[in-house]
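Be aware that the sequence shown starts at 7, since it is given in this note's numbering, and climbs by one per residue.
Take a look at the structure below.
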Amino acid sequence: MKVLVTGNAGFIGFHTAMALLERGDEVVGFDCVNHYYDPAIKEKRLDLLQRKAREKGADYTFIRGDLSDRALVEACFETHCFDRVINLAAQAGVRYSLENPQAYVDSNIVGFTNILEGCRHGGVGHLTYASTSSVYGAHTHMPFSEHESVDHPVQFYAATKKANELMAHSYSHLFRLPTTGLRFFTVYGPWGRPDMALFLFTRNILAGEPIDVFNYGKHTRDFTYVDDIVEGVIRASDTPARPNPDWDPARPDPATSSAPYRIYNIGNNSPVKLTEYIEAVEEALGRKAIRNLLPPQPGDVPDTFADISDLVRELGFKPSTSVRDGVARFVAWYLDYYGEAPTPARETARVEGRA
């Protein structure tokens, strides 16, 4: 198939594009390679995608540009006829949305509108897009189910991703465009974002610097290894959303519709305390962390826990990588990539809301 992967210089987009090239799909990547975090690692990911395409003899094209550029997105869809679109481009981060909400409007709202329009006019067979577990917001009933209401986001980032789900539904309803939204739960692994907790914990522990541990390490996260996320993304993309014949407008199910629309959680279904996550890093490095215990940050939630029964039943997949195995793989990659520990950046480690 010919697949557009937006955000393919990013963490999840890179791994997804690699997996598609590995299985022989034709891939068009689209990314603006912004400076939200060090673009050097993004450029290295792009180099590896080019190398993979050469090794596999695969057809791979990269478009460097911003999804908010309507003319460029229109030109992309006019030039290429896509069987599938996987939209993983977004302005990420919970805390940053407190500082620069306009960036989230440009990328997550305007950019996503342009993708929807491209899919509509380009006759795309299925749009799969990244949502986030952050949409559960003030919701506390565990585990989080796609079939329950998520109308109380506690950060602007989450609000824009909830908006994506609503926008997708309108296009599914009006234009019968099959759309599937995937709520990711705290993704980690090799080639991860340098602004995220695992990256910064590893760097600071190696350098003998303290790590900031918010909420005194008490909160839990459904940490999900990137390979499990990618498996879920591709399975979802290969399974176009269909109308739910039993959907009842008198008792509407938020995860399905009379339109070809679907929402799935992708999480490890096994919450882990932040202190245990840090212990896994310590074990992989063979060093102890110096812990700077701090209160919760604005926009943080205490716990996340994914109900993945729909993912298992309908897509035949259940994430299975344990935190200790996943963290060990990340640390092995980190040590290989850097060779030795770089000087730690003076920035806050993030265990982002529910993303």
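Heads up, the beta-carbon is just placed ideally off N, CA and C, and yes, glycines get one too.
Contact under 8 angstroms by Cβ, Q303 with F181:
Judged by their CB atoms, Q303 and F181 are not nearer to each other than the 8 angstroms cut-off.
Please return the same chain residues whose Cβ sits closer than 8 angstroms to the Cβ of I18, not counting the five positions on each side in sequence.
L94, A136, F190, V193, V232, I235, V236, V239
Let me make sure I understand the geometry here. Which of V79, D309, L133 has the alpha-carbon closest to that of Y267?
L133
Going by alpha carbons, who is nearest to K62 out of S243, P249, V111, L27?
L27
Let me know the secondary structure DSSP gives P45 once reduced to three states.
Of the three classes helix, strand and coil, the one that applies to P45 here is helix, per DSSP.
Look at I115 and T166 and say whether their C-beta atoms are less than 8 angstroms apart.
Taking 8 angstroms as the Cβ cut-off, I115 and T166 qualify as a contacting pair.
State the DSSP-derived secondary structure class of K168, mapped to helix, strand or coil.
helix
Same chain, Cβ closer than 8 angstroms to Y344, five either side skipped, listed in chain order:
There are no such residues.
Could you tell me the alpha carbon to alpha carbon distance between K8 and Y222, rounded to whole angstroms?
47 angstroms
Compute the beta-carbon to beta-carbon distance between A144 and H158, rounded to the nearest angstrom, for a pair I have assumed lies under 8 angstroms.
4 angstroms
In the DSSP output, which residue or residues are listed as bridge partners for L133?
V91, T185
Could you tell me whether the Cβ atoms of G131 and R90 are closer together than 8 angstroms?
The answer is yes: Cβ separation under 8 angstroms.
Quick one: residues in its chain with C-beta nearer than 6 angstroms to the C-beta of G16, no 5 flanking neighbours on either side, listed in chain order?
none
From the DSSP output, which residues share a beta bridge with V11?
As DSSP reads the structure, V11 sits in a beta bridge with G35, I92.
With DSSP as the reference, label A213 as helix, strand or coil.
In the three-state DSSP reduction, A213 falls in the helix class (H, G or I).
How far does the beta strand (DSSP E) with I296 in it extend, from its first residue to its last?
296-299
If I measure Cβ to Cβ from P184 and keep anything under 6 angstroms in the same chain, skipping five residues before and after, which residues do I get?
H132, P246, A247, P266
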